[in-house]
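*Asks:* The structure that follows is given in the form of structure tokens.
Numbering (the numbering used here), first residue to last: 52 to 226.
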């Protein structure tokens, strides 16, 4: 704005209009890693505050998929700068980071069929990330504990998403 945020209000008086502020504050449990210890997210609208209305399990899985993505980012950053490792790492990074995005989209699904489509997409991305992690380990590019932790987490996420899709399919058949 050329006038620095000042606008004409009713009655012709000049009034400063404050810009809309939105912040998300995350609360953590002391002594735990940041991504694993988020208790709840609060959305602050100026002076008003409300807690997000996402179910505990869904919210926990949102945080878990985000933590998986962050761990994949850190792992990729620590990989050697050789061409083969960067190519495999980039593929792993793409699939690992899209899991959380797919699941967030599934939370906004308009129907059970839409939810199933998006969770199955997330399941495919996890399986792909698991494949690239396996390839990185078997090629001897990285043998660190971070790789093993990512592989374990990917395996657990596959089991969780398989259970979610089975449950959604059963509820679709019952309705």
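Heads up, the beta-carbon is just placed ideally off N, CA and C, and yes, glycines get one too.
Please specify which runs of the alpha helix (DSSP H), each continuous and at least 4 residues long, are wholly inside the stretch 142-218, giving them in chain order.
*Replies:* You should have 163-189.
*Asks:* Might you give, ordered along the chain, the residues of its own chain that have their beta carbon closer than 6 Å to the beta carbon of residue 208, omitting 5 neighbours on each side?
*Replies:* So the list reads 177, once near-sequence residues are dropped.
*Asks:* Judging by CA-CA distance, which residue of 143, 118, 203 and 131 is the nearest neighbour of residue 191?
*Replies:* When only C-alpha atoms are compared, the closest one is 131.
*Asks:* Please list the terminal residues of the continuous alpha helix (DSSP H) segment that includes residue 128.
*Replies:* Residue 128 -> alpha helix (DSSP H) spans 107-129.
*Asks:* Check whether the stretch 118-138 and the stretch 186-202 touch, using three or more Cβ-Cβ pairs below 8 Å as the test.
*Replies:* Yes, since at least three Cβ pairs between the stretch 118-138 and the stretch 186-202 fall closer than 8 Å, the two stretches touch.
*Asks:* Quick one: using the 10 Å Cβ neighbour count with 16 as the cut-off for buried, is residue 151 buried or exposed?
*Replies:* By the neighbour-count rule (16 or more Cβ atoms within 10 Å), residue 151 is buried.
*Asks:* Consult DSSP for residue 226 and reduce its assignment to one of helix, strand or coil.
*Replies:* Coil at residue 226, not helix or strand.
*Asks:* For residue 139, is the classification buried or exposed, using 16 other Cβ atoms within 10 angstroms of its Cβ as the cut-off for buried?
*Replies:* So residue 139 counts as buried.
*Asks:* Residue 149: buried (16+ other C-beta within 10 angstroms of its C-beta) or exposed?
*Replies:* With 16 or more other Cβ atoms within 10 Å, it is buried.
*Asks:* Let me make sure I understand the geometry here. Which of 187, 211, 204 and 220 has the alpha-carbon closest to that of residue 142?
*Replies:* If we check each option's Cα against that of residue 142, 187 comes out closest.
*Asks:* Under a three-way DSSP split, which group does residue 134 fall into?
*Replies:* Helix at residue 134.
*Asks:* Give the single residue among 180, 153, 179 and 181 whose Cα lies nearest to the Cα of residue 168.
*Replies:* It is 153.
*Asks:* Thinking just about the alpha-carbon of each residue, which of 170, 222 and 137 is nearest to the one in residue 155?
*Replies:* Ranking the options by Cα distance to residue 155, first place goes to 170.
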